[in-house]
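A short worksheet on the structure shown next.
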DNA sequence: CCAGTCCCTTGATCTGAGTCAAGGATCAAC
DNA sequence: GTTGATCCTTGACTCAGATCAAGGGACTGG
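Residue numbers (the numbering used here), protein chains in the order written: chain A, 100 to 344; chain S, 100 to 344.
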């Protein structure tokens with residue numbers, strides 16, 4: 100089996116880039132091409148409500164979406180943060196299990212569920228690529244569980260900043276020189292929902308990290324990280340910073 | 100695509116039962132048969148250490164295994180609870196990301212990784228079945244994240260008991276009559292690691308649920324549930340009790 | 001029978017994060 | 001410029017769950 104994760108620079112839709120490989124039949128590309136379509140959402144808009152019928156699967160092209168779960172009394176927990184190239188939806192299940200919300204303005208590349216599923220059973224590479232992506236998400240969810248269950252508020256904040264910095268770097272293949280600059284794409288409340296905290300605690304802990312020189316703030320959303328190792332230490336992660344070998 | 104989750108009653112190995120379907124070629128069965136082998140572990144024994152080379156993938160035949168993550172200072176979080184028929188290991192990655200420990204005496208059905216991966220790329224149904232199982236695990240992980248991030252200690256305990264009761268029922272296809280009896284297969288400390296609590300808090304909350312008549316205890320490990328709806332209410336779950344439509 | 005080990009329970013106290021409350025900064029609309 | 005909305009910060013106080021500590025079964029091996 101050759102490497103299916105090779106990116107195909109043939110447009111702006113991550114499904115094509117990531118789920119289908121240039122070295123497999125190009126038919127797959129044109130077939131996917133035929134059934135795809137785009138949807139745009141404004142920041143704050145809901146993409147799907149939990150319990151709704153799921154008519155499509157798709158992936159994030161630009162912007163950020165969040166997967167959240169809400170209890171009857173309003174307590175909310177984010178359970179997925181979807182950045183560009185992340186996949187949304189579950190082939191095989193008709194009903195959405197979580198709310199999907201646009202955290203920023205969002206563009207998604209969608210496929211109607213039925214034809215996508217048909218394609219999936221016809222072309223094994225799609226299932227294999229999807230399996231790989233799902234296993235990555237599961238690993239991320241498990242790191243997240245350690246964070247939620249065992250980390251202190253300060254460690255949670257440091258972890259979130261380093262997670263965003265890492266995904267940012269992976270996305271932009273950024274040069275590592277000088278203090279890392281990261282834009283936090285979430286409000287304090289969304290961060291709180293991500294971390295299992297209240298927004299007040301998030302605010303306090305960000306202030307504390309700033310006071311202690313671990314980070315610098317320009318405005319509310321732009322963080323610079325003078326010393327990444329220091330931040331990772333504060334996050335309580337193993338030294339590899341979650342980079343799996 | 101026909102339903103691959105049909106169980107084939109042809110032995111005691113869940114991979115054969117669940118990853119391969121009777122209506123697909125029987126060749127798959129015999130091929131898997133050739134490369135499988137069994138491993139047994141005593142309660143408390145470690146199956147794999149995080150960071151170790153993974154030589155195999157496999158599934159739990161009997162007993163319970165747990166996936167855990169430990170921080171340098173010893174804080175521990177369980178991130179997976181593996182009951183019979185659950186899959187362990189990740190095709191495509193050579194290094195284990197989490198500790199796997201036998202919580203009870205354990206038998207696993209294993210496949211050496213290399214031949215399993217070869218089979219997987221040759222027979223698409225395996226990847227498709229594995230994708231289905233992984234998506235289920237991801238959903239479970241996301242429910243678990245809500246528990247860790249937002250539930251109170253009492254809700255966590257009630258949730259754990261109802262999760263075990265549900266999986267128990269699914270496994271034994273038990274008749275639902277009279278008060279449900281469930282055996283807790285975990286020590287108080289393991290429950291604490293599952294729930295992101297301390298063992299003292301686990302003990303106190305179990306006592307409280309007992310005092311309030313939500314559960315009855317015989318010994319430390321045997322719980323009966325006189326009223327399942329009451330328990331689910333205490334768990335703070337939506338009324339469906341996590342049963343996805 | 002006793003000693004040692006696990007595993008569990010319960011009490012007393014402490015503390016990190018939640019809650020409640022007030023106010024500041026930024027931005028858009030009028 | 002004023003009004004209102006949204007988002008963020010900070011302070012004072014509270015409380016759920018952690019920590020520290022003691023002791024109670026149940027089982028094993030001598």
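Where is the CB? At the ideal position from N, CA and C, for every residue including glycine.
Secondary structure of residue i, DSSP reduced to three states
| i | result |
| --- | --- |
| residue 133 (chain A) | helix |
| residue 230 (chain A) | helix |
| residue 286 (chain S) | coil |
| residue 267 (chain S) | helix |
| residue 142 (chain A) | coil |
| residue 197 (chain A) | coil |
| residue 237 (chain A) | helix |
| residue 258 (chain S) | helix |
| residue 211 (chain S) | strand |
| residue 324 (chain S) | strand |
| residue 225 (chain A) | helix |
| residue 248 (chain A) | helix |
| residue 149 (chain A) | coil |
| residue 122 (chain A) | Model confidence at residue 122 (chain A) stands at a pLDDT of 42, short of 50, so the residue's coordinates are unreliable and nothing is read from them. |
| residue 158 (chain S) | strand |
| residue 174 (chain A) | coil |
| residue 329 (chain A) | helix |
| residue 253 (chain A) | helix |
Residue i classed as buried or exposed, judged by whether at least 16 other C-beta atoms fall within 10 angstroms
| i | result |
| --- | --- |
| residue 325 (chain S) | exposed |
| residue 136 (chain A) | exposed |
| residue 139 (chain A) | exposed |
| residue 205 (chain A) | buried |
| residue 152 (chain A) | exposed |
| residue 221 (chain A) | exposed |
| residue 185 (chain A) | buried |
| residue 188 (chain S) | buried |
| residue 240 (chain S) | buried |
CA nearest to the CA of residue i, picked from the options
| i | options | result |
| --- | --- | --- |
| residue 190 (chain S) | S:299, S:212, S:175 | S:212 |
| residue 314 (chain A) | A:334, A:251, A:180 | A:334 |
| residue 329 (chain A) | A:317, A:309, A:318 | A:309 |
| residue 145 (chain A) | A:279, A:165, A:254, A:155 | A:165 |
| residue 285 (chain S) | S:265, S:279, S:259, S:268 | S:259 |
| residue 155 (chain A) | A:143, A:178, A:193, A:185 | A:193 |
| residue 159 (chain A) | A:210, A:305, A:241 | A:210 |
| residue 229 (chain A) | A:157, A:254, A:170, A:303 | A:157 |
| residue 147 (chain A) | A:245, A:168, A:195 | A:195 |
| residue 249 (chain A) | S:238, S:303, S:175 | S:175 |
| residue 265 (chain S) | S:199, S:134, S:150, S:327 | S:327 |
| residue 199 (chain A) | A:227, A:263, A:177, A:233 | A:177 |
| residue 197 (chain A) | S:182, S:242, S:173, S:179 | S:242 |
Cβ neighbours of residue i in the same chain (closer than 7 Å, five flanking residues each side left out)
| i | result |
| --- | --- |
| residue 282 (chain S) | 320, 321 |
| residue 141 (chain S) | 201, 204 |
| residue 316 (chain S) | 309, 322 |
| residue 296 (chain A) | 252, 255 |
For residue i, the residue or residues it bridges with in DSSP
| i | result |
| --- | --- |
| residue 166 (chain A) | A:179, A:199 |
| residue 205 (chain A) | A:140 |
| residue 317 (chain A) | A:321 |
| residue 295 (chain A) | Answer by DSSP bridge pairing: none, since residue 295 (chain A) is not bridged. |
| residue 279 (chain A) | A:324 |
| residue 187 (chain S) | S:157 |
Beta-carbon proximity list for residue i, same chain, < 8 Å, skipping 5 on both sides
| i | result |
| --- | --- |
| residue 312 (chain A) | 325 |
| residue 300 (chain A) | 252, 291 |
| residue 336 (chain S) | 258, 261 |
Own chain residues within Cβ distance below 6 Å of residue i, not counting five before or after
| i | result |
| --- | --- |
| residue 124 (chain A) | Because the pLDDT of residue 124 (chain A) is 40, which lies under 50, any placement of that residue in the model is unreliable, and the number read from its coordinates should be weighed accordingly. Within the same chain, residue 124 (chain A) has no close Cβ partners at all. |
| residue 257 (chain S) | 330, 333, 334 |
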